[in-house]
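Quick notes on the structure that follows.
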Amino acid sequence: MSPQHSNAQDLEPKKRIVLTGSECTGKTRLVQALAEHFGCPCSQEAARAYLDKKGAPLNRQDIEPIARQQIALEDTAASQPGSLVIHDTDLLSTMIYAQHYYHYCPDWIIETAQSRARGLYLLCDSDLPWIPDGLQRDQGLHHQRSQIQALFVTVLRKTGQHWLTIGGLGQVRTLSAIATIENFLDSAISTHSNIDSQSRDN
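Using my numbering, you'd call the opening residue of the sequence shown number 1 and step up by one each time.
Next comes the structure, spelled out in structure tokens:
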């Protein structure tokens, strides 16, 4: 049975950025840099925090606790003041990993992930060196990273998300993400202004 959860659109600021992609693609560090640059709230990845606390490889029984924690982390960040929020992955990522590694994902997670998905998704490319920590589900092989990245692309396309790939090393990656977000924000402002203008004309 689905847990009680908030409607994301009731809590989330209008502009939502989600960094997503396979393991070891620099999402966490990039989220921190972007949140500092834009002065906005951010949420961490639930699966990573859950894994660090558990200290052992994840299994099928961990899917729902991680999903609930992911929702809570997103909603906590989204409830903070400001017009922008940045997420280190979201529930779509939880769904993708569950389906990929365990060939199973509860219906309520799939439905909730798709209903909450919106904003701009930055798909972090797997062009960074793999740094093993002993708890990752893959071993960093090229075909493994390519396979999971392809799954993210498929889901983002099928669910109709606005997404772009972010690549490059170090500051290049950060500056690329900043420029992409700024373009997204400028586009949102322009669209909103056009709607206001049309409303006044009518």
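For each residue, glycine too, the CB sits at the ideal point set by N, CA and C.
inquiry  = Across the stretch 121–128 and the stretch 74–81, are there enough close Cβ pairs to call them in contact, namely three or more that are closer than 8 Å?
reply    = As far as the Cβ criterion goes, the stretch 121–128 does not touch the stretch 74–81, which means the pair count is below three.
request  = Taking Ile96 and Leu151 to be in contact with their CB atoms under 8 Å, please state how far apart those CB atoms are, rounded to whole angstroms.
outcome  = Indexing the sequence shown from 1 puts residue 96 at position 96. Indexing the sequence shown from 1 puts residue 151 at position 151. About 6 Å; that satisfies the 8 Å criterion.
task = Please look up how many angstroms separate the CB atoms of Gly21 and Gln149, rounded, as I've assumed it's under 8 Å.
result = Along the sequence shown, read from residue 1 onward, the residue named residue 21 stands at position 21. Along the sequence shown, read from residue 1 onward, the residue named residue 149 stands at position 149. With 8 Å as the limit, Gly21 and Gln149 qualify as a contact, their Cβ atoms being about 6 Å apart.
ask   = So does the stretch 88–102 actually touch the stretch 40–60, counting three or more Cβ pairs closer than 8 Å?
value = Three or more Cβ pairs drawn from the stretch 88–102 and the stretch 40–60 lie within less than 8 Å of each other, which places the two stretches in contact.
inquiry  = Under DSSP, the beta strand (DSSP E) around Leu19 begins and ends at which residues?
reply    = For the purposes of this step, residue 19 is taken as the residue at position 19 of the sequence shown. Element bounds for Leu19: Lys15 to Thr20.
request  = Go through the stretch 103–129 residue by residue and report every complete run of the alpha helix (DSSP H) that reaches 4 residues or more, in order.
outcome  = You should have 107–116.
ask   = Which value, in whole angstroms, describes the spacing of the CA atoms of Lys54 and Leu175?
value = Here residue 54 corresponds to residue number 54 of the sequence shown, with the count starting at 1. Here residue 175 corresponds to residue number 175 of the sequence shown, with the count starting at 1. Straight through space, the alpha carbons of Leu175 and Lys54 are spaced by roughly 34 Å.
inquiry  = For Trp108 and Ala56, what's the separation of their Cα atoms in angstroms?
reply    = For the purposes of this step, residue 108 is taken as the residue at position 108 of the sequence shown. For the purposes of this step, residue 56 is taken as the residue at position 56 of the sequence shown. So the two alpha carbons sit approximately 26 Å from each other.
message = One question on the structure: do Cys105 and Ile71 come within less than 8 Å of each other, judged by their Cβ atoms?
response = By 1-based counting over the sequence shown, the position of residue 105 is 105. By 1-based counting over the sequence shown, the position of residue 71 is 71. No, they are not a contact pair.
request  = Name the residue from Arg145, Ala98 and Asp52 whose alpha carbon lies nearest to the alpha carbon of Ala67.
outcome  = The sequence position of residue 67 within the sequence shown is 67, counting from 1. Nearest to Ala67 by C-alpha distance, out of Arg145, Ala98 and Asp52, is Ala98.
request  = Find out if the Cβ-Cβ distance for the pair Ser126, Lys15 is shorter than 8 Å.
outcome  = Residue numbering aside, residue 126 sits at position 126 when the sequence shown is read from its first letter. Residue numbering aside, residue 15 sits at position 15 when the sequence shown is read from its first letter. Contact: no.
task = Indicate the three-state DSSP secondary structure (helix, strand or coil) for Ile166 in the structure shown.
result = Position 166 of the sequence shown, counting from 1, holds the residue named residue 166. Taken through DSSP and simplified to helix, strand or coil, Ile166 comes out as strand.
key: Beta carbon of Ile178 nearer than 8 Å to that of His37   = Within the sequence shown, numbered from 1, the residue matching residue 178 stands at position 178. Within the sequence shown, numbered from 1, the residue matching residue 37 stands at position 37. For the pair Ile178 and His37, the CB atoms are nearer than the 8 Å cut-off.
inquiry  = Suppose contacts are defined by Cβ-Cβ distances below 8 Å. Is Thr159 in contact with Ala117 by that definition?
reply    = In the sequence shown, the residue the question calls residue 159 occupies position 159. In the sequence shown, the residue the question calls residue 117 occupies position 117. Yes.
request  = Look up Ile131 in the DSSP assignment and say whether it is helix, strand or coil.
outcome  = Within the sequence shown, residue 131 is the residue found at index 131, counting from 1. Note: Ile131 maps to coil in three-state DSSP.
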